[in-house]
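Novice: So the sequences go chain by chain: F and X. Going by the numbering used here, 26 is the number at position 26 of the first sequence; the sequence numbering is gapless. Every position in the second sequence, counted from 1, becomes a number in the numbering used here once 1000 is added. The beta carbon of each residue, even a glycine, is placed where N, CA and C say it ideally should be. Values in this document were obtained by computation on a predicted structure and should not be read as measured data.
Number of protein chains: 2
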Amino acid sequence: MLHAAALHYFREVARSGSIRRAAATLNVAASAVNRQILNLEAAFGTALFDRLRGGLRLTVAGELLLRHVTDTLHDFERLRAAIDDLRAARSGHVTIAAVDSLLVDFLPRALDRFRIDFPAVTYAVTAAQPPDVVTMIAAGDADIGFTFVGQALHSVRWIAEIAAPIGVVMRADHPLAARASIDFEELSRYPILTQSGPLPKGADIDGALAAFKRSVTPKLQSNSIQMIKLSLTLDMGVSLFTRLGFLHEIEKGDIAWRPLDSPGVATLRLGLAAPAQRELGPPAAQLVRRLADDLRRFAAA
Amino acid sequence: MLHAAALHYFREVARSGSIRRAAATLNVAASAVNRQILNLEAAFGTALFDRLRGGLRLTVAGELLLRHVTDTLHDFERLRAAIDDLRAARSGHVTIAAVDSLLVDFLPRALDRFRIDFPAVTYAVTAAQPPDVVTMIAAGDADIGFTFVGQALHSVRWIAEIAAPIGVVMRADHPLAARASIDFEELSRYPILTQSGPLPKGADIDGALAAFKRSVTPKLQSNSIQMIKLSLTLDMGVSLFTRLGFLHEIEKGDIAWRPLDSPGVATLRLGLAAPAQRELGPPAAQLVRRLADDLRRFAAA
DNA sequence: CTTGCCGCTCGAATTTTTCGCACACAGGAA
DNA sequence: TTCCTGTGTGCGAAAAATTCGAGCGGCAAG
């Protein structure tokens, strides 16, 4: 279906070199095959086969057409497989683990877009500390996850990554927002809001950042990024985060993000992880493709 | 033709976002278009469009199919153009100029293969000295030509090139054939057969070769490469040529060719030339493609 | 030389597919 | 409501593809 029978007829005739043999394997009358071939030749205005005793052989034009036909049919088979995958993925359940920066903006928006095309898929999203995301995926407690790359990873593979440096987040009219980048000395002159948690995520990456965090007494400490976000908009102070949790506010112009003058944090990367061995279910496989696309598009912008 | 109407229907519906509009531009009834779309969706087992008020919009599966369809139709247009070119090239006349090394073996065989696919094409082949080939093409006295590259070339472009170093040609059982390469000192101990002509073709390339040619008194001098070839097989002496004129004899094992120990001649290249400005006729254009393919295949072997 | 076989081609009847028309149905706008 | 605009659906007509049967030319064995 979809593609005209003439394509299959032509391919089989070219393959077998004989109309009768082709008709036999196609389970149609030889005259039908013959007609289609004649029609093709009339349509192109040139012979597609040389008739010699014992069969047909392709002319140059015929070889060109054969290549077109085989390419088309192969491509169609791939398409059919892809659509079958899509159909299998129409419903199901996906469990996602992610560091909470992603949960505030990027992931909900991505899932909302995904929902349009796969309405029957359900999700379980759990916030976790960076190393826990990896262990959850490895243990099978999550299908896919977002976390910082560079963890010791066994049985987890990275699908896509983007640079996600830690920087200073503040209200858009904050004095520091006037600078292109900010060093720790400047930063220490303003009250700091920090996210509490078992282990500060960038601490093992950059010594200077870890030292700064130890030296400073936070004006506000909370494990709720929403709490910190509201405090930022009230100008209670500044905080240290990746841009990803504040995309919406930055775009609206409420919040500003500026890079930190520190070589270590600049190399921080956030990635989409999936189990290395285990096969993902159809909906998870589709979602992973989509999220990887989103990440790459985001990285390009 | 060739491709099912459903393809065009689907593409137009996707483009216009409406079955009725698509039907209007396709000059068919809307119901016909609708049916084809429904058939496609039934065949794939999934919706290709989301039905919303005011028209249709592609689903993910629909977008995959659209890409397949547009790719296929574009490729088909290219195919049609290529076949039209072929048809236009079925008959006509091509004039070729070439240095005579090519006329002995390579060119006649190539034209013989070409003749199978383009039986009605006629040819005029003229042997010429290397610089004359270029001027003939520039003047319009030849459609295409084979000669050594590196000529001062105005209004001539090179389609393909191969390395064609000058070496020593001799009978396969000649003493020199035991060596992998030969220098002028060794060569001077054997009688030389040379091709006469206004200007020895490699003379302006390599000083050592030119000096050798001046210093030696040829045992036989002829402007007929056939004469020289026969004399070689009778072991009258050795000669200096490109391999290209002796492919057949080398393959048969009658004649041997060994490279010359001289840096200049090693860089000699032979190329297929066509006019840079002027448009070639259809048969000449086809022939040029074939010859370029032949040359490249020969270079790879 | 005849006979049998194989392969392509052609014509007419038949089956399958497609099309056009009319209309039903649904949702938003005046 | 009525009037659009849009898709989906029967049904008879038209077009296209298929099958069957026959014919033509070439080749090889007898």
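1. Give a yes or no on whether 9 Å exceeds the smallest Cβ distance from F/HIS93 to chain X.
2. Given this structure, state the Cα-to-Cα distance separating X/VAL988 from X/ALA1273, to the nearest angstrom.
3. With 16 as the cutoff for other CB atoms within 10 Å, does F/ASP100 come out buried or exposed?
4. Under DSSP, the beta strand (DSSP E) around X/GLY1207 begins and ends at which residues?
5. Return the CA-CA distance between F/ARG20 and X/ILE1166, expressed in angstroms with no decimal places.
6. Going residue by residue through the stretch 1219-1273 of chain X, where are the continuous alpha helix (DSSP H) segments of at least 4 residues, counting only ones entirely within it?
7. Helix, strand or coil, according to DSSP, for X/SER1181 in the structure here?
8. On the three-pair Cβ rule with 8 Å, is the stretch 1102-1114 of chain X touching the stretch 1238-1248 of chain X?
9. Closer than 9 Å, CB to CB, is F/PRO198 near chain X or not?
10. In the DSSP assignment, what are the bridge partners of F/GLY315?
11. For a test of the three-state rule: what should DSSP assign to F/LEU295, helix, strand or coil?
12. If contacts are defined as beta-carbon pairs under 8 Å, then X/HIS1058 and X/LEU1052 qualify, I think. What distance do you get, rounded to the angstrom?
13. So is F/MET1 in contact with chain X if we call contact Cβ pairs under 9 Å?
14. Any beta-carbon of chain X closer than 9 Å to the one on F/HIS248?
15. Taking DSSP's pairing of strands, which residues face F/TYR123 in a bridge?
16. DSSP on F/GLU279, reduced to helix/strand/coil?
17. Count the other CB atoms within 10 Å of the CB of F/ASP315; is the residue buried (16 or more) or exposed (fewer)?
18. Any idea which residues DSSP pairs F/THR194 with across the strands?
19. Quick one: is X/HIS1008 near chain F, going by C-beta distance under 9 Å?
20. Measure the C-alpha to C-alpha separation of F/ARG15 and F/LEU26 and round it to an integer number of angstroms.
21. Suppose the cutoff is 6 Å on Cβ atoms and the five residues either side in sequence are ignored; what does the same chain contact list for F/ILE137 look like?
22. Buried or exposed for F/ARG171, going by 16 or more other Cβ atoms inside 10 Å?
23. So, are the CB atoms of F/PRO191 and F/LEU220 less than 9 Å apart?
24. Using a Cβ-Cβ cut-off of 8 Å (strictly less than) and excluding sequence neighbours within five positions of F/ARG290, which residues of its own chain qualify?
Specialist: The short version:
1. What you label residue 93 of chain F is simply residue 93 of the first sequence in a count that begins at 1. The beta carbon of F/HIS93 sits no closer than 9 Å to any beta carbon of chain X.
2. The question about residue 988 of chain X has no answer here: the residues shown for chain X are numbered 1001 through 1301.
3. The residue labelled residue 100 of chain F in the question sits at position 100 within the first sequence. Counting every other CB atom within 10 Å of its CB across the protein chains shown gives F/ASP100 a total of 16 or more, marking it as buried.
4. Taking the second sequence and counting its residues from 1, the one referred to as residue 1207 of chain X is at position 207. Element bounds for X/GLY1207: not the beta strand (DSSP E) but the alpha helix (DSSP H), 1207-1215.
5. The count along the first sequence starts at 1 and reaches residue 20 of chain F at position 20. The count along the second sequence starts at 1 and reaches residue 1166 of chain X at position 166. Straight-line Cα distance between these residues: approximately 54 Å.
6. Fully enclosed alpha helix (DSSP H) runs of 4 or longer: 1225-1233, 1247-1252, 1263-1266.
7. As a position in the second sequence, residue 1181 of chain X is number 181, starting the count at 1. The DSSP-derived three-state label of X/SER1181 is coil.
8. Taking 8 Å as the limit for Cβ pairs, the verdict is that the stretch 1238-1248 of chain X does touch the stretch 1102-1114 of chain X.
9. Within the first sequence, residue 198 of chain F is the residue found at index 198, counting from 1. Caution is warranted here: a pLDDT of 49 is assigned to F/PRO198, below 50, making its placement in the model unreliable, and the coordinate value is therefore given only provisionally. Not one chain X Cβ lies under 9 Å of F/PRO198.
10. The shown model of chain F, from 1 to 301, leaves out residue 315 of chain F, and the question about it has no answer.
11. Position 295 of the first sequence holds residue 295 of chain F. F/LEU295 carries a helical assignment under DSSP once its states are collapsed to helix, strand and coil.
12. Along the second sequence, read from residue 1 onward, the residue named residue 1058 of chain X stands at position 58. Along the second sequence, read from residue 1 onward, the residue named residue 1052 of chain X stands at position 52. Going by the sequence as given, residue 1058 of chain X is Leu instead of His. Contact flag wrong, Cβ pair sits at about 12 Å.
13. Position 1 of the first sequence, counting from 1, holds the residue named residue 1 of chain F. Closer than 9 Å to some Cβ of chain X, the Cβ of F/MET1 qualifies, so yes.
14. Start at 1 with the first residue of the first sequence, and residue 248 of chain F comes out as number 248. Cβ-Cβ to chain X under 9 Å: no for F/HIS248.
15. Mapped onto the first sequence, residue 123 of chain F falls at position 123. Paired residues: F/VAL94.
16. Taking the first sequence and counting its residues from 1, the one referred to as residue 279 of chain F is at position 279. DSSP places F/GLU279 in coil when its eight states are reduced to three.
17. Shown here, chain F extends from 1 to 301; a query on residue 315 of chain F therefore has no answer.
18. Numbered from its first residue, the first sequence carries residue 194 of chain F at position 194. In DSSP, F/THR194 forms a bridge with F/GLN221.
19. In the second sequence, counting from the first residue as 1, residue 1008 of chain X sits at position 8. Answer no: the Cβ-Cβ gap between X/HIS1008 and chain F never drops below 9 Å.
20. To locate residue 15 of chain F, count along the first sequence from 1; it is residue 15. To locate residue 26 of chain F, count along the first sequence from 1; it is residue 26. Whole-angstrom Cα-Cα distance: 12 Å.
21. As a first step, residue 137 of chain F must be located in the first sequence, where it is residue number 137. A distance below 6 Å between beta-carbons, with the five flanking residues on each side excluded, links F/ILE137 to the following residues of its chain, in chain order: GLY145, VAL156, ALA273, PRO275.
22. Along the first sequence, read from residue 1 onward, the residue named residue 171 of chain F stands at position 171. A residue is called buried once 16 or more other Cβ atoms fall within 10 Å of its Cβ, and F/ARG171 is buried on that count.
23. Within the first sequence, the letter at position 191 stands for residue 191 of chain F. Within the first sequence, the letter at position 220 stands for residue 220 of chain F. For the 9 Å CB-CB criterion, F/PRO191 and F/LEU220 form a contact.
24. Your numbering for residue 290 of chain F matches position 290 in the first sequence. The answer, listed in chain order, is ALA110, ARG113, PHE114.
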